[in-house]
Each structure stands twice: as structure tokens, then as C-alpha cells.
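**Q** After the C-alpha cells below, expect a handful of questions from me.
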Amino acid sequence: MTTPSGHTEAIAASRVIGTSVYNTEGKSIGSIEDVMLDKMSNGIMFAVIGFGGFLGMGEKYHAVPWATLDYDEDKGGYVVPFTKEQLQAAPAYSIDELTGADGEAARDASFQYYHVKPYWH
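Taking full-length UniProt numbering, the leading residue of the sequence shown gets 1, the next gets one more, and so forth.
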């Protein structure tokens, strides 16, 4: 079975981590550092996208709802439907903040900021 954009429904996390992410202008904004799993629903809470750092210093991590990422074969990476300005203004976290309280605070803020319908309702 495939997604609406023609991609497979399942993918190994190891293939996702490290994949580049692009904004709507086609500019690279960073890469997927990790994925947070929701153990209760057996789904993905969000992708952890890192950008803005140099050699790991000053890196910002953003929780982006998984449903907003679309794989672009020509780019070899994911595209998010957000502008550079939207991404720069998005909530940013440290890795510890993303995983604190089971990631729910970051998840909730992310879904609200990007106006994505929560999957857990």
C-alpha cells in the first residue's frame, strides 16, 4: 500500500535518520536527527529536525509532526510545507527537553504551532 504521494507506508527508522529536510523554497534546513515514537498508539509522535548549528554547537532541535514531511525523490530528502520564517520562529528545544515528560510538551506545542490536527484525539 502507498501513501497519497505514492510512497510506501513503512520505512525503517535507520533510513530516515540523517535524511536532509528542505523548506518550501527548496533550501536545505537541516536533517532528521531522530524520530520520537508514541508507545501507546504505536505511531510516530514527531520527527526531530536539527538545524542552525556548527559541529553540534548551537544546534536547535525542532519537533515537526511526521505527517507534514513528504519525501521528494529528486531531492533525496523530505520537504516540509513551511517557509524559512515559519521554521525560524518555531519552538526549539534541547534533546533533553524533547524527551522530557515523554515528549508530550514538545509534541503538543509542535502540533499547535504548525496547525496540524492531533492524531491522539
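Ideal Cβ placement from N, Cα and C applies to all residues, glycine included.
Would you mind sorting Tyr30 into buried or exposed? The rule is 16 or more other CB atoms within 10 Å of its CB.
**A** Reading off the sequence, residue 30 comes out as Gly, not Tyr. It counts as buried.
**Q** Identify every run of the beta strand (DSSP E) within the segment 14 to 72, keeping only runs that are complete inside it and at least 3 residues long; order them along the chain.
**A** Runs of the beta strand (DSSP E) inside the segment 14 to 72: 20 to 22, 28 to 38, 43 to 51, 60 to 64, 70 to 72.
**Q** By Cβ distance, which residues of its chain are closer than 8 Å to Lys27, with the 5 residues on each side in sequence left out?
**A** Hits under 8 Å: Lys84.
**Q** What's the C-alpha gap between Lys75 and Asp96?
**A** Their Cα atoms are separated by approximately 31 Å.
**Q** Going by DSSP, what residues sit across from Tyr93 in a beta bridge?
**A** In DSSP, Tyr93 forms a bridge with Tyr61.
**Q** Would you say Lys27 touches the ligand NAD, meaning its beta carbon is less than 7 Å from a heavy atom?
**A** In the structure on display, the ligand NAD does not appear, and there are no ligands present to speak of.
**Q** On the DSSP bridge assignment, give the partners of Gly100 in chain order.
**A** The partner list for Gly100 (beta bridge, DSSP) is empty, contrary to what the question assumes.
**Q** Rounded to whole angstroms, what is the Cα-Cα separation between Leu98 and Thr24?
**A** In a straight line, the C-alpha of Leu98 is about 25 Å away from that of Thr24.
**Q** In angstroms with no decimal places, state the Cα-to-Cα distance between Phe82 and Phe46.
**A** Rounded to the nearest angstrom, the two C-alpha atoms are 15 Å apart.
**Q** Please name the residue or residues paired with Tyr113 in a DSSP beta bridge.
**A** DSSP output for Tyr113 lists no bridge partner at all.
**Q** Below 8 Å between beta carbons: does that hold for Val79 and Val64?
**A** For Val79 and Val64, no; Cβs fall outside 8 Å.
**Q** Give me whichever residues DSSP pairs with residue 165 in a beta bridge.
**A** For the chain, the structure presents residues 1 to 121; residue 165 sits outside this window and is missing.
**Q** Within its chain, find whatever has a CB closer than 7 Å to the CB of Arg107; leave out the 5 residues flanking it on each side and keep chain order.
**A** These residues qualify, in order along the chain: Met45, Phe46, Ala63.
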